[in-house]
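What follows is a set of notes on a single structure, which appears directly below.
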Amino acid sequence: MSRAGGITNAVNVGIAVQADWENREFISNISLNVRRLFEFLLQFEATTKSKLAALNEKLDILERRLEVLEVQVSTATTNPSVFT
Amino acid sequence: MQQWRTENPAMTFDEVSMERSKSFVKALQELKNLRPQLYSAAEYCEKSYVHNEQKQMVLDNLKDYAVRALVNAVDHLGTVAYKLTDLFEQQTLDISTLELKISCLNQQILTCQTYTDKEGLRQQRMFTNNPRHHKHYILPNSASRQVQSSSQLQKDATLNHVQPKPRPHPPGTPASKTLSWHLASETNSPLNGAPHAASSIGDIMAPKITSEAFHFLDTEDAGAPMPLSTHLRSASGTPTSNMALRSFGIRDSLGPSKTLTAFRSFDNPGRLQVYRPPARSKSMLSAFFAKNKSLKPRKASIS
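Line by line, the protein sequences give chains A and B.
If you read the first sequence in the numbering used here, its first letter stands for residue 2, the second for the next number, and so on.
If you read the second sequence in the numbering used here, its first letter stands for residue -4, the second for the next number, and so on.
Structure (structure tokens):
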């Protein structure tokens, strides 16, 4: 009887260990996917920042060109005799 | 964008862009709302595991919920990233269109400026009289014509007025003292001997003197052509050949610094004659009036 109880305890321990290992494997998978999600977020942030910086630079250049055009047009409108 | 257009084809471009930005903000808000939901789900699972007797069932439910929550979070993040990228592409397209329009405006203004510049130049050109013919292309021909007919003295008077602008002379050399001027003045002067010599000079020099010799001779002083004429008279009665003329002309172009020039006469090849040009007067008028005195060259024969 005692031997049967000991064997049952050993089996239970084995099952528990196996379950524990399964749980740990599950947790490691979950944590791995969360880390991948985090890396994707970091990469996405860097890419978006560089694209927005390029867009900002383009906008600055366009703004300066518009200012120059505005000055030229105002000069032309103030001196219409040049074109007559 | 195509989905929105199929749903509402009457929407304008601004409305579509507004819808895009709205959907992006909505997706971002939903992602933000995931956090408190996950926190509340985690607290519930902890309490149920602690208080419930069927712990294995709670654990299994917790595993399923964790997987679904992770998938849901990934889905939300993907939606937000897609909408943000779409919005960014739309903005890039708008900026490209704007850049194109600005380039068109720039080109139009440049065209207007070019037109005004051209018009200004055209108006300026109308008021300027640029000489088209240079003096040394006109004067020898006119000098030769005047020599041939004595009745063309009136043309000489007009020629002095009509003469085009002389070419730039070296510094220190006044324009009136050029050879061409002297040629013209010699043809105008009512001298006995001078016209014949001048005629011979004109006949010979006009067609035969090269531009180089002409340039050399232009650098001389007022009295430069006189030795030429007197020498030609003294050397022989016949017109000189080109070689003697050129050699003498080139030698004479050295200027007043050289007082003695040596030459070989073709009539007497064995005899070397040294020619001393007369002293040159400083003023043009003195040189003009001194011609009548017929400055005789001093000859020194060296044999």
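Using N, Cα and C, we set each Cβ at its ideal position, and we do this for glycine too.
- Within chain A, no residue has its CB atom less than 7 Å from the CB of Thr7 (chain B), the nearest being about 23 Å off.
- Rounded to the nearest whole angstrom, the CA to CA distance from Asp61 (chain A) to Val74 (chain A) is 20 Å.
- Between Leu63 (chain A) and Glu84 (chain B) a beta carbon distance of about 18 Å is seen, past the 8 Å cut, so the two are scored as non-contacting.
- If you ignore the 5 residues before and after Val53 (chain B), its C-beta comes within less than 8 Å of the C-beta of Cys40, Ser43, Tyr44 and Asn47, all in its own chain and listed in chain order.
- Using a CB distance cut-off of 8 Å, Glu48 (chain B) does not count as an interface residue toward chain A.
- Looking only at B:Gln102, B:Arg120 and B:Leu65, the smallest Cα-Cα distance to Arg36 (chain A) is reached by B:Leu65.
- If you draw a 10 Å sphere on the C-beta of Val20 (chain B), you find fewer than 16 other C-beta atoms in it, and that means exposed.
- Residue contact check for Lys58 (chain B) against chain A: a CB pair falls below 8 Å.
- Counting along the chain, Gln49 (chain B) sits inside no alpha helix (DSSP H), nor does DSSP assign it H or E at all.
- Within the segment 54 to 133 of chain B, no alpha helix (DSSP H) run of at least 4 residues lies entirely inside it.
- Proximity to Cys99 (chain B) across A:Thr79, A:Thr78 and A:Leu70 peaks at A:Leu70, based on C-alpha coordinates.
- When the alpha-carbon of Gly73 (chain B) is set against those of A:Glu68, A:Thr79, A:Leu38 and A:Leu56, the nearest one is in A:Leu38.
- Spanning the alpha carbons of Tyr60 (chain B) and Pro31 (chain B) requires a straight line of approximately 15 Å.
- Between the alpha carbons of Leu116 (chain B) and Asn80 (chain A) lies a gap of roughly 18 Å.
- Asn10 (chain A) sits in a helix when the DSSP states are folded into three classes.
- Inter-residue distance for Leu57 (chain B) and Thr48 (chain A) is about 35 Å (C-alpha atoms, whole angstroms).
- Straight through space, the alpha carbons of Arg15 (chain B) and Leu82 (chain B) are spaced by roughly 7 Å.
- For Gln19 (chain A), no chain B residue has a Cβ inside 7 Å of its Cβ, as the nearest lies near 13 Å away.
- One thing to note: Ile104 (chain B) has its Cβ no nearer than 8 Å to the Cβ of Leu67 (chain A).
- Between His71 (chain B) and Ala36 (chain B), the C-beta gap is not smaller than 8 Å, which leaves the two residues out of contact.
- Contact between Ser12 (chain B) and Lys78 (chain B) does not hold, since their C-beta atoms are separated by about 12 Å, which reaches or exceeds 8 Å.
- Around the Cβ of Val18 (chain A), a 10 Å sphere holds fewer than 16 other Cβ atoms; the residue is exposed.
- At least one CB atom of chain A sits nearer than 8 Å to the CB of Ala76 (chain B).
- In terms of beta-carbon proximity, Arg66 (chain A) lines the interface with chain B, with at least one pair separated by less than 8 Å.
- In the structure shown, the three-state DSSP call for Asn57 (chain A) is helix.
- Within the same chain, Cβ atoms closer than 7 Å to the Cβ of Lys50 (chain B) are found at Tyr44, the five residues on either side in sequence being excluded.
- Less than 8 Å divides the Cβ of Leu26 (chain B) from the Cβ of Val75 (chain B).
- For Ile31 (chain A), a Cβ of chain B is located within less than 8 Å of the residue's own Cβ.
- Remark: C-beta atoms of Lys59 (chain A) and Ile90 (chain B) approach each other more closely than 8 Å.
- Between Ala77 (chain A) and the set B:Thr106, B:Val69 and B:Gln86, the nearest pair of CA atoms involves B:Thr106.
- At least 8 Å separates the CB of Asn28 (chain B) from every CB of chain A.
- Residues of chain A whose Cβ lies closer than 7 Å to the Cβ of Glu94 (chain B) are, in chain order, Leu63.
- By the rule that beta-carbons nearer than 8 Å mark a contact, Val35 (chain A) touches chain B.
- For Leu43 (chain A), the closest Cβ of chain B is not nearer than 8 Å.
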